[in-house]
Structures are given as C-alpha cells and as structure tokens.
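What follows is one structure encoded as structure tokens, with my remarks underneath.
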Amino acid sequence: VLAPAAPRRWRTHVMENTVLSFVTAASLGAEYVEFDVQLSSDGVPVVYHDFGVRLPGGIRVPVSHMTADQLNRVAPLTDHDFLARPRHRSRLSNGSSAGAGAVTGAASPAATPAMVGRPSSPLTAASDASSTGAPAPAPRPALVGASSSPDLQAADRTAPPAPHASGHTSERTLKAMGLDPVRHRNRSSLYYGLRDKLTSLAETFQRVPVSCGFNIEMKYPSPAEVAEGRLIVPDRNTYVDRVLDCTFANAGSRGVIFSSFDPDVCLLLHRKQGTYPVLLLTDAGTQVDADPRRNSLREAIRFARSVGLFGIVSHSKPLLEAPVLMDAVRGAGLVLATFGKRNNEIECVKLQQEHGVAAIIVDHVAHISRGLRAGNGAGGH
1 VLAPAAPRRW
11 RTHVMENTVL
21 SFVTAASLGA
31 EYVEFDVQLS
41 SDGVPVVYHD
51 FGVRLPGGIR
61 VPVSHMTADQ
71 LNRVAPLTDH
81 DFLARPRHRS
91 RLSNGSSAGA
101 GAVTGAASPA
111 ATPAMVGRPS
121 SPLTAASDAS
131 STGAPAPAPR
141 PALVGASSSP
151 DLQAADRTAP
161 PAPHASGHTS
171 ERTLKAMGLD
181 PVRHRNRSSL
191 YYGLRDKLTS
201 LAETFQRVPV
211 SCGFNIEMKY
221 PSPAEVAEGR
231 LIVPDRNTYV
241 DRVLDCTFAN
251 AGSRGVIFSS
261 FDPDVCLLLH
271 RKQGTYPVLL
281 LTDAGTQVDA
291 DPRRNSLREA
301 IRFARSVGLF
311 GIVSHSKPLL
321 EAPVLMDAVR
331 GAGLVLATFG
341 KRNNEIECVK
351 LQQEHGVAAI
361 IVDHVAHISR
371 GLRAGNGAGG
381 H
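The sequence shown stops at residue 381 when you use UniProt numbering, and every number in between is there.
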C-alpha cells in the first residue's frame with residue numbers, strides 16, 4: 001500500500017487511506033488494514049491520515065473545515081507535509097494466525113484470541129444498539145465554522161492535475177538514462193489512474209470485504225495540533241459516540257480493533273463498549289508530548305493497565321534496540337503490537353515474532369509476506 005514517504009511512492013500505485021488501498025492490501029495478505037478516522041465539519045466519521053487535505057489547485061484545508069460531501073467529491077494530492085505526523089503508515093496483519101500471506105507476530109493463535117475483536121454473535125444494523133448496549137446516536141456536533149466557504153466550493157470543482165512524467169523528465173533525458181519514455185509515461189499515468197476519492201467510515205465498512213479486519217486509529221489532535229492547524233474539534237465524547245455508532249451499525253462480523261494516541265479517547269472507547277479491543281498508541285519516547293502519558297513506554301503500560309485496556313501499539317524502534325521491552329509489555333498482561341519503518345525489514349519482523357508480538361503494522365505487505373513464507377519453507381512466490 002502506498003506509504004506517505006515520497007521516496008517510496010512508486011513501490012505501489014495506490015493512494016493510501018482509500019477503499020482501493022484497503023482492498024489491495026487485503027489481496028496481498030494483510031488480515032487487517034489500519035487507517036485513521038476523524039470527523040468532518042458536519043460530524044461524519046471520515047477516513048483520512050492527516051489533519052489537513054491538499055486539494056487540487058494547491059489549496060490546503062483542514063479536514064475539520066470540510067463537510068463529508070465535499071471530502072467525498074475530491075481526490076486529494078499525495079502531500080503529507082501539512083500537519084502530518086508520519087508514524088505507522090500502513091497496513092496491519094493480525095497475529096492470531098499464520099495463514100499463507102499473512103504478516104503475523106503472534107507466538108500462537110491462542111495467545112491473542114480477542115485480537116480479532118469479532119462479536120460472539122454477528123451484529124447487524126437492526127440489532128446493534130439493543131444487543132450490544134452501544135450508546136444511542138448522538139446529535140451532530142455543533143462545530144464553529146462548519147459552513148462551506150467559496151474557496152472550498154471552488155476547490156470542489158477543480159479537476160485533478162493531468163498525468164505527467166515524474167519530475168517533468170524530458171524524453172531525451174529518459175533515453176539518455178536508458179529508460180523507455182513510453183513505459184515511463186504509462187507508469188506515471190497508472191499512478192494517477194489509481195487515485196481513489198476520500199471515503200467515509202460507513203462506506204469503508206460497506207465496500208471492503210468483511211473478511212478483512214479493521215484497525216481503526218482514532219485521529220484526535222493534541223492542543224498543540226489544534227492551535228497549529230486552526231482545527232475545529234468536537235469534544236471527545238461526541239467524537240467517540242459518532243464513530244461507535246457507525247461501527248456498530250456497519251461492522252457485522254468483521255474484526256475491529258480501536259487504537260489512539262490520545263489516552264482519554266482510549267478510555268472513552270473502553271468504557272462505552274466491550275465488544276472491540278482498545279489499544280493505546282505510543283511513540284515510546286521517540287517524540288516528546290505535553291501529556292506525560294504519551295512520553296514513554298513505561299507510562300503507556302501504566303495507563304493501559306490502570307484503566308483495563310487490551311494492549312499497546314508501540315513504535316518498534318526502541319523495542320528492537322532493547323527486545324527485553326517487548327517481554328515487559330507482555331509481562332504486564334498487555335497485548336503488544338508495533339509500527340515503524342523497521343517493520344518493513346523481514347529480520348525485524350522475525351525478531352518481534354520470537355518475542356510474542358501479537359501484531360505488526362507494515363507498509364509493504366507483499367514483501368513481508370513473501371519473506372515470512374520463504375523463511376517458513378513455503379517458498380518465496
């Protein structure tokens with residue numbers, strides 16, 4: 001699946017955080033896909049990685065300033081320098097099985113049965129509230145500045161840029177480099193041709209095969225991010241209610257996991273429902289935050305245990321440097337999942353498997369799947 005880092009963009013031709021990218025990841029062996037959910041200005045849960053969208057024409061607008069209909073009608077440019085916090089960008093594998101093509105880190109299937117998050121009886125839109133005790137639908141949040149501006153309306157009508165060769169490389173230069181200009185142009189056209197529109201959480205539930213589980217990251221900004229991006233943010237209670245309402249109405253038998261860097265969002269998710277596991281995301285000390293609960297793996301473990309969360313999703317870099325930390329998380333009775341660039345290295349994935357990491361979030365699903373199959377004697381094809 002396309003990662004936000006520009007140097008890696010040509011590894012695939014599918015823009016991330018779209019239905020097309022999720023279906024692609026599942027077809028490559030991912031048992032779960034991970035994506036970010038936030039609220040549009042009219043209170044609809046939408047799927048997008050960054051707090052801001054770069055629209056055709058160069059306009060950059062916070063997601064919280066756009067209605068769901070506006071977001072649904074634009075295909076953003078792949079620009080992650082606007083309020084982007086590049087963390088674990090991409091697809092997840094469930095650690096509950098070692099099925100062919102799955103990226104897994106579980107010591108055994110029995111070790112993390114609840115990781116799947118599948119309810120004991122299938123949920124349907126007609127029975128979700130009564131059978132699960134899910135909160136009643138909350139009214140749409142009253143968000144200041146939610147009306148559509150002329151700039152946004154103009155951006156809606158702006159067509160995406162025409163395909164072009166990467167870096168505007170001339171045909172003569174391509175030939176001098178030993179490259180086929182026709183194939184180069186076709187490659188560029190393919191990249192732009194697989195740009196899917198943004199989508200809502202409900203549409204994602206409806207269009208992605210139910211066999212593919214969802215790891216839903218609740219994208220709630222810190223006070224610093226709100227100030228920096230002039231974001232319009234609903235209160236946490238409303239935000240969590242809207243996402244849970246959508247999930248219970250559409251999930252059915254699909255496996256769902258919730259995670260967030262915001263400890264209070266995790267707490268609300270845990271207290272408002274008991275069907276789906278909730279995990280706290282942590283940078284494990286690789287970034288500094290005003291909230292001490294977000295500044296170290298130790299504080300993440302302490303908080304997760306104190307409120308009864310299912311586990312932790314940690315940046316893998318500190319864990320790979322000191323593998324004993326993986327054992328410490330599991331010793332605290334918490335399920336451990338990881339994210340980070342080094343998760344795209346097969347040897348790092350294998351090391352985490354050896355230490356019982358339950359789930360490993362990766363960018364390059366096919367590459368890791370092939371490597372693990374080859375290591376298990378199943379061949380690399």
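Beta carbons are placed, not taken as given, at the ideal position from N, Cα and C, and that holds for glycine.
Please determine, among Ile-312, Ser-316, Asn-72, Asp-289, the residue with the shortest C-alpha to C-alpha distance to Arg-330.
In the sequence shown, the residue the question calls residue 330 occupies position 330. Cα-wise, what sits closest to Arg-330 is Ile-312.
Using CA atoms only, rank isn't needed, just tell me which of Val-37, Phe-258, Ser-369 is closest to Ala-337.
Within the sequence shown, numbered from 1, the residue matching residue 337 stands at position 337. The residue with the shortest Cα to Cα distance from Ala-337 is Phe-258.
Answer with buried or exposed for Glu-228, where buried requires no fewer than 16 other C-beta atoms within 10 angstroms of its C-beta.
Looking up residue 228 in the sequence shown gives position 228. Exposed, by the Cβ-count rule.
Coil, strand or helix - Tyr-239 by DSSP:
Within the sequence shown, the letter at position 239 stands for residue 239. Tyr-239 falls in the helix class under three-state DSSP.
Go to Pro-62, then tell me how far its beta strand (DSSP E) extends in each direction, as first and last residue.
Your numbering for residue 62 matches position 62 in the sequence shown. It spans 60 to 62 - the beta strand (DSSP E) in which Pro-62 sits, taken as one unbroken run.
Give me, in chain order, the residues of the same chain whose beta-carbon lies closer than 6 angstroms to that of residue 384; leave out the 5 immediate sequence neighbours on both sides.
With the chain running from 1 to 381 in the structure shown, residue 384 is simply not present.
Does the distance from the C-beta atom of Val-210 to that of Ser-253 stay below 9 angstroms?
Mapped onto the sequence shown, residue 210 falls at position 210. Mapped onto the sequence shown, residue 253 falls at position 253. In contact: Val-210 and Ser-253 (Cβ atoms closer than 9 angstroms).
For Gly-308, does the count of other Cβ atoms within 10 angstroms reach 16, so buried, or fall short, so exposed?
Working through the sequence shown from its first residue, we reach residue 308 at position 308. Result: exposed.
Coil, strand or helix - His-232 by DSSP:
Taking the sequence shown and counting its residues from 1, one reaches residue 232 at position 232. Before going on, a small fix: residue 232 reads as Ile here, not His. Three-state result, Ile-232: coil.
Roughly how many angstroms separate the alpha carbons of Phe-22 and Val-33, rounded to a whole number?
What you label residue 22 is simply residue 22 of the sequence shown in a count that begins at 1. What you label residue 33 is simply residue 33 of the sequence shown in a count that begins at 1. Distance between the alpha carbons of Phe-22 and Val-33 is about 6 angstroms.
From the DSSP output, which residues share a beta bridge with Gln-38?
Your numbering for residue 38 matches position 38 in the sequence shown. Val-46, per the DSSP bridge assignment.
Pairs of beta-carbons, one from the segment 27 to 45 and one from the segment 62 to 70, closer than 8 angstroms: are there three or more?
yes
Is DSSP giving Met-326 helix, strand or coil here?
Locating residue 326 in the sequence shown gives position 326, counting from the first residue. Met-326: helix per DSSP, three-state reduction.
Select from His-315, Val-47, Phe-205, Glu-217 the residue whose C-alpha is nearest the C-alpha of Asn-250.
As a first step, residue 250 is located in the sequence shown; it is residue number 250 there, counting from the start. If we check each option's Cα against that of Asn-250, Phe-205 comes out closest.
At least 3 beta-carbon pairs within less than 8 angstroms: the segment 213 to 223 vs the segment 272 to 292:
yes
Given that a residue counts as buried once 16 or more other Cβ atoms are within 10 Å of its Cβ, and exposed if not, what is Ala-374?
Here residue 374 refers to the residue found at position 374 when the sequence shown is read from its first residue. Looking at its Cβ environment, which holds fewer than 16 other Cβ atoms inside 10 Å, Ala-374 is exposed.
With which residues is Thr-282 paired in a DSSP beta bridge?
The residue given as residue 282 occupies position 282 in the sequence shown. Note: Thr-282 sits in a beta bridge opposite Ser-314.
Sort Gly-371, Ala-284, Thr-275, Asp-327 by Cα distance to Phe-339 and report the nearest one.
In the sequence shown, residue 339 corresponds to position 339, counting from 1. Ranking the options by Cα distance to Phe-339, first place goes to Ala-284.
Counted within 10 angstroms of its Cβ, other Cβ atoms place Asp-50 as buried (16 or more) or exposed
In the sequence shown, the residue the question calls residue 50 occupies position 50. By the 10 Å Cβ count, Asp-50 comes out buried.
Coil, strand or helix - Ser-200 by DSSP:
The residue you call residue 200 lines up with position 200 of the sequence shown. Three-state result, Ser-200: strand.
Taking 9 angstroms as the cut-off, decide whether the C-beta atoms of Lys-350 and Leu-372 are in contact.
By one-based count along the sequence shown, residue 350 stands at place 350. By one-based count along the sequence shown, residue 372 stands at place 372. Yes, the pair counts as a contact, with Cβ atoms nearer than the cut-off.
Could you have a look at Ala-136 and say whether DSSP puts it in helix, strand or coil?
One-based indexing of the sequence shown puts residue 136 at position 136. Bear in mind that the predicted position of Ala-136 carries a pLDDT of just 44, short of 50, making it unreliable; the figure below should be weighed with that in mind. The answer is coil: DSSP assigns Ala-136 none of H, G, I, E or B.
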